[in-house]
Structures are given as C-alpha cells and as structure tokens.
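Trainee:
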Amino acid sequence: MLTCLAYYAALSVQYAARQDELRQAQEQRAVAETFAAIGDIAANVLHHLNNKVGTIPVRIQGIRDKSGAALAADAYLNANLNEIERSANEAMEAVRANLSHLRPITLADVDVAQCVQAATEAAKLPLGIRLHMDGLAQLPPVAAAQRSLALVFTNLLDNAVDAMGGAGEISITGCEAGDGVEIVVSDDGPGIPPELHDRIFELSYSGRGKSKGARLGFGLWWVKTLMARLGGSVAVESDGEYGAAFRLRLPAVQKRTYR
Numbered sequence: 001m002l003t004c005l006a007y008y009a010a011l012s013v014q015y016a017a018r019q020d021e022l023r024q025a026q027e028q029r030a031v032a033e034t035f036a037a038i039g040d041i042a043a044n045v046l047h048h049l050n051n052k053v054g055t056i057p058v059r060i061q062g063i064r065d066k067s068g069a070a071l072a073a074d075a076y077l078n079a080n081l082n083e084i085e086r087s088a089n090e091a092m093e094a095v096r097a098n099l100s101h102l103r104p105i106t107l108a109d110v111d112v113a114q115c116v117q118a119a120t121e122a123a124k125l126p127l128g129i130r131l132h133m134d135g136l137a138q139l140p141p142v143a144a145a146q147r148s149l150a151l152v153f154t155n156l157l158d159n160a161v162d163a164m165g166g167a168g169e170i171s172i173t174g175c176e177a178g179d180g181v182e183i184v185v186s187d188d189g190p191g192i193p194p195e196l197h198d199r200i201f202e203l204s205y206s207g208r209g210k211s212k213g214a215r216l217g218f219g220l221w222w223v224k225t226l227m228a229r230l231g232g233s234v235a236v237e238s239d240g241e242y243g244a245a246f247r248l249r250l251p252a253v254q255k256r257t258y259r
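Going by the working numbering, 187 is the number at position 187 of the sequence shown; the sequence numbering is gapless.
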C-alpha cells in the first residue's frame, strides 16, 4: 500500500509540474498573439507621431535662420525655443525606444549583470537608496534581448524606489537554478498585500493613491509581459508589511529554444 501511495504521489507531482509548464506555455502564446495583434497598429501610430514631432526641430532651425537677431535680443524667447527643441528631441527618442519593444524579439546571449548595470544607470537612483548586488557576475548567459531585459530591471527599480519613498535598500541577487537562472529584486519598503499579488501585473491596475503610495501597474505589466516574451517568468513574494521580492526566472542559453 505504501508503494502504491508513493507511486500516486509521484504521479501527482509530475502532473502538477506538467500543468505548470502548460500554463506557462499558454501564457507565452497569449502574449505573442497579443503583440502580433497590436504591434502593427501601435507601430503605425508611433511612426506617424514620430513624423509629426520630428518637424518641430526642423521648424525651430528655420526660425533661428530667419530670426537670429530677434532671438539674440530676447533671452526669454531664445530659452523657450531651446526647451521646445530639447523636449521634441527627447519625445522622438522615447517613441523610438518604445517602438523597439513592440517589434519581434531577437534573442541573443545576454549577460544579466550588464543588463542590471544598464538599468541602474537608466533608473537614476536617488541618494537615499542603497543598492546591494550579489551573484550576478557569476551567472551564465541567458537567451534574451539586452534592451528588453534591462527594461525589466529598470521598471522593478523604479517601482521599488517609489514604494520606499526614495529612501531604503534594494537588493539584486542571482543564482543558477536548475536549467536556468534566478534573479531576485527585493526592497525593504511597505510590501504588497497577498491579495494583490496577481492584480499588480494587470495593465488596468494601479496602486497609486493608496495609503502606502506604491507605484504599481503599467511598469509591472511591462515586467510580466517582457518576461513572458523572453520565455521566463516573474512572481512576487511579500507579506504586505515588510518589503517585497520579485523573483525572475530565465532559461540559460544552452537550454533555451525560442519560437
């Protein structure tokens, strides 16, 4: 009888593992189908927006060429024209950067530590934030997209900084796990209530305005979506009182087959 019970227990474990693999595959397929549906539309909209915004610097240069004397005599007018040009250039760069995330992902061998470094530079962490990193340099390369994985870490860092009010400690640790790698991004902020662990990754959800003030919603939706597109996963761990940890899993290069 004990042998039979052990046999059925093993079958149950195998069944649960296969169900989890099936769920993850279905999630990745759903994400791929969603991006296939909205990719062309979004790309077209962003293309036209870029064309419209792109005329602003050209027109400003024309104003400078024809009204140089007037601008030289009016510091206020000249400063505002420079600010308009700067904002237009930044807007075009933002459009191009976001457009790249809608295109099909081409996987390559990616160094996780380099992605984290790029994310810390992009996040521009406040002076009140203490960042601790461990084990990242020893991780094997993963099959991912450099900019997409960096954006995952940038959004997690931004979310942690906002949750802690700009002061506290963020820890990013990495280790090998089975046939892949695991990276944990944790903070010592107020945490996320367990009943919200699934909702925070929804596009329509926002935690702004809550008493604890954590910025949840679009950034975390991007995190989950990009991880699914890269063939990985993300899960949050928190008791809602003492910090939060986001656990990322990605297959190592030699184990990864991408469709």
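A virtual CB, placed ideally from N, CA and C, is assigned to each residue, including glycine. No experiment lies behind these values; they were computed from the predicted model shown.
#1: Determine the direct distance from the alpha carbon of P194 to that of S211, and round the result to whole angstroms.
#2: Rounded to a whole number of angstroms, what is the C-alpha to C-alpha distance between V264 and E93?
#3: What residue ranges within the region 118-164 form continuous beta strand (DSSP E) runs of no fewer than 3 residues, ordered along the chain?
#4: Keeping to the same chain, check which residues put their C-beta closer than 6 angstroms to that of G232; ignore five residues upstream and five downstream.
#5: Return the residue from the list H197, S87, R86 that minimises the CA-CA distance to E237.
#6: Let me know the secondary structure DSSP gives E83 once reduced to three states.
#7: Can the beta-carbon of V185 be found less than 7 angstroms from the beta-carbon of L156?
#8: Under 6 angstroms: does the beta carbon of R199 sit that close to some heavy atom of the ligand MG?
#9: In three-state terms, what does DSSP make of T173?
#10: Between R247, A160, E176, which lies nearest to G191 when the distance is taken from Cα to Cα?
#11: With distances taken from CA atoms, which of I170, A88, Q114, K66 is nearest A244?
#12: Any idea what DSSP makes of S67, helix, strand or coil?
#13: Per DSSP, R249 forms a beta bridge with which residues?
#14: With DSSP as the reference, label A113 as helix, strand or coil.
Mentor: Let me spell this out:
#1: As a first step, residue 211 must be located in the sequence shown, where it is residue number 211. As a first step, residue 194 must be located in the sequence shown, where it is residue number 194. With a pLDDT of 38 at S211, under the threshold of 50, the modelled position of that residue is not reliable, and no figure is offered here.
#2: The question about residue 264 has no answer, for the chain in this structure spans 1 to 259.
#3: 129-134, 142-144
#4: Locating residue 232 in the sequence shown gives position 232, counting from the first residue. Contacts found: R249, L250.
#5: Within the sequence shown, residue 237 is the residue found at index 237, counting from 1. Per the Cα distances, H197.
#6: Taking the first residue of the sequence shown as position 1, residue 83 is located at position 83. If DSSP states are grouped into helix, strand and coil, E83 belongs with the helices.
#7: Along the sequence shown, read from residue 1 onward, the residue named residue 185 stands at position 185. Along the sequence shown, read from residue 1 onward, the residue named residue 156 stands at position 156. In contact: V185 and L156 (Cβ atoms closer than 7 angstroms).
#8: Ligands displayed in this structure: none; no statement on the ligand MG is therefore possible.
#9: Mapped onto the sequence shown, residue 173 falls at position 173. Of the three classes helix, strand and coil, the one that applies to T173 here is strand, per DSSP.
#10: For the purposes of this step, residue 191 is taken as residue 191 along the sequence shown, with counting starting at 1. For G191, the nearest C-alpha among the options comes from A160.
#11: One-based indexing of the sequence shown puts residue 244 at position 244. Of the candidates I170, A88, Q114, K66, the one whose C-alpha sits nearest the C-alpha of A244 is I170.
#12: Numbered from 1 along the sequence shown, position 67 holds the residue referred to as residue 67. The answer is coil: DSSP assigns S67 none of H, G, I, E or B.
#13: Taking the first residue of the sequence shown as 1, we reach residue 249 at position 249. E182, S233, per the DSSP bridge assignment.
#14: Taking the first residue of the sequence shown as position 1, residue 113 is located at position 113. A113 falls in the helix class under three-state DSSP.
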